[in-house]
Amino acid sequence: AHLFGTLDAPEPDEILRSNQAFAADPRAHKVNLGIGMYYDANGRVPLMRAVSEAQRRIVDGGVPWPYGPALGSETLRAHLAALVFGEGTPVPVSAQTLGGTGALGMGATLLAEAIGPDAVVALSTPSWPNHAPIFARAGFTIRGYRYLDDAGTAFDREGMLADLAALPRGSVVVLHAGCHNPTGVDPAPEDWPAIVEILRAHGLIAFVDAAYLGFGAGWSQDCAPIRLVRDSGVAMLFSLSCSKSFSLYGERTGCLMIPHQDDAAARGIAAHAAAYARTQYSIPPGHGARIVEIILGDEALRADWLAELETMRGRIIDLRHALVSTLAAEGMGDRMGHLGRQHGLFSQSGLTRAQVARLAAEHAIHAIPDGRICIAALNEGNLGHVARATAEVCR
Ligand code: PLP
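Numbered per the UniProt record's numbering, the sequence shown spans residues 4 to 398.
In C-alpha cells:
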C-alpha cells in the first residue's frame, strides 16, 4: 500500500461533478447551468471596467510586491467595513482572507479553538456544499435547520425559527446574508428581526456569510440584514467574499470581520488570526486586495464599479423574467413563477433529480442534481433551448 493509501478520498461534491460532466460533453449546443460564477451576455466571466483600470494603475505604477502583514491590508479591511457597515463606523477586528472560503475557514477554526470539543454549527438545509466540510474540518458537529417549504421553492420561516430555537446555547448559526446558495430563496426583510431575536434569546452565535453582495436587491439593501445582526449586539462573525461582487474569483480576495470586541479581546483575536494565517499560508495574496483597495479608495472608480455591478444585477433579473415567460409560453403556466421571485445567481428550480438527469442526457443541459440552476449562465443564445428542454422534461 502506498503512503496515503489508508486515506479515504472524499467524493467530489455535486457542483464539481456537474462541471466535470459538462466539460466531457462533446455536444456543441451544451449549456452549463452548474457554474458558480456570473457570466455576461457573451457567456464570459466579465473583467469589470474598474478592475481593469485598477490593474492598469498597478502596472503603470511599477508597484512591487513585498511580504505584507499576516492579516493583510489594513486599508482594504477598513474600506470593506465601511462599505458593509457604513462610513464612520468603527472597523471591527478583521483579517484579509483567501476569498470567502478563507474567511469561513479562519472563523470556523478560531471558533472551534475557543468553544472546544462541543462546538456545534447549524447550516440551512440545503446550504453551499462547502459549508459542512469547512466546519467539520475545524472540529464542529454539523446540524441542519429547515429553510425551504414543502415545495422546495420558498422560505420556511416557522421551520427555521423553530429549529434555531431548539439548538443548544452557544451554537454557531451560519446565515447566508442574501442570494442564498444553492436556492436563491432569502428571508424577506421583515423576517430578519425575528431571526435575530431567536439568536439573541437563545444565546446563539451568528456567522453571517456574504458572497453575493450587490446581486440581490442592490448593495445597500443587501447589507441591511448584516447591519441588523451587528446592531442587535448578538455575537457575530462575518465572512465577505469579493469573488462575485468584483468578478475576481481567481484572485482570492475576502475578509473576516468580528464585531463587538473590546480592545483586549480584539488584540487576542487578531493574534490568533495572525497565528492561523502564518501556519496556513503566511500572508494573504496581494494583487486582488490591491485592486479592490484602489477601486474603493477612488470615488469615480467606486461609482463605476457599483454602476457595473448594478447592470449585472439587472441582467440577472431580466433573465429570470425572460425564463419565466418563455417557460409559460412553452406550456408550463406559472409552475416556474418562483424563479422570478428568487434572488442572485442561483435558483432552486424545483426540478427533480430524474428531470435534471434527462436535461443532461437528452438536451446537453447540465445543472446540479438537486435542481440548482445558475441563472447568470443563461443568454440570448441558449435561453430558448433551456426553456424548451425544461418544459419537455416536466411534461
Ligand atoms: N459562501 C457562499 C455561500 C458561496 O456561495 C461561496 C462561493 O461560491 C463562498 C462562500 C466562497 O467564496 P470564495 O470563492 O470567495 O471563496
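C-beta: ideal position from N, C-alpha, C; glycine also.
Note that the structure is a prediction, hence the values are computed from the model and not measured.
{"query": "By Cβ distance below 7 Å, which residues in the same chain neighbour Ala-278 in space, the five residues on each side in sequence not counted?", "result": "none"}
{"query": "Report the option in Gly-253, Thr-92, Arg-140, Leu-309 whose CA atom is closest to the CA atom of Met-40.", "result": "Gly-253"}
{"query": "Just to confirm the assignment: which complete alpha helix (DSSP H) runs, minimum length 4, are found wholly within the stretch 202 to 246?", "result": "222 to 235"}
{"query": "Between the beta-carbon of Trp-222 and the beta-carbon of Leu-231, is there less than 8 Å?", "result": "no"}
{"query": "Roughly how many angstroms separate the alpha carbons of Gly-108 and Ala-141, rounded to a whole number?", "result": "7 Å"}
{"query": "With a threshold of 7 Å (Cβ to nearest heavy atom), would Ala-214 be considered close to the ligand PLP?", "result": "yes"}
{"query": "If you measure between the beta carbons of Asp-194 and Gly-219, is that distance less than 8 Å?", "result": "no"}
{"query": "How about Ala-106 and Gly-75: are their beta carbons less than 8 Å apart?", "result": "no"}
{"query": "In the DSSP output, what is Arg-146 paired with across the bridge?", "result": "Ala-125"}
{"query": "So residue 3 and Gly-374 are supposed to be a Cβ contact under 8 Å. How far apart are they, rounded?", "result": "Only positions 4 to 398 of the chain appear in this structure, which leaves residue 3 out of reach."}
{"query": "Buried or exposed: Ser-21, going by 16 or more other Cβ atoms within 10 Å of its Cβ?", "result": "buried"}
{"query": "Looking at the ligand PLP, does it come within less than 7 Å of Thr-104, judged from the CB to the closest heavy atom?", "result": "yes"}
{"query": "Does the distance between the C-beta of Ser-244 and the nearest non-hydrogen atom of the ligand PLP fall short of 7 Å?", "result": "yes"}
{"query": "I believe Phe-138 touches Ala-111 by the beta-carbon criterion, under 8 Å. Please report the beta-carbon distance rounded to the nearest angstrom.", "result": "5 Å"}
{"query": "Just the Cα atoms here: how many angstroms apart are Gly-206 and Pro-132?", "result": "26 Å"}
{"query": "Give me the Cα-Cα distance between Glu-302 and Val-124, rounded to the nearest whole angstrom.", "result": "39 Å"}
{"query": "Considering just the uninterrupted stretch of the alpha helix (DSSP H) at Phe-138, what are its terminal residues?", "result": "134 to 141"}
{"query": "Just the C-alpha distance for Ala-85 and Ala-276, rounded to the nearest angstrom, thanks.", "result": "21 Å"}
{"query": "Counting Cβ pairs, one atom from each stretch, are 3 or more of them under 8 Å apart for the stretch 238 to 253 and the stretch 41 to 55?", "result": "yes"}
{"query": "Here's the rule: buried if 16 or more other CB atoms are within 10 angstroms of the residue's CB, otherwise exposed. What is Phe-55?", "result": "The question names Phe, but residue 55 is Ser in the sequence shown. By the neighbour-count rule (16 or more Cβ atoms within 10 Å), Ser-55 is not buried but exposed."}
{"query": "In this structure, what does DSSP give as the bridge partners for Ala-98?", "result": "Leu-259"}
{"query": "If I follow the unbroken beta strand (DSSP E) through Ile-376, where does it start and stop?", "result": "375 to 377"}
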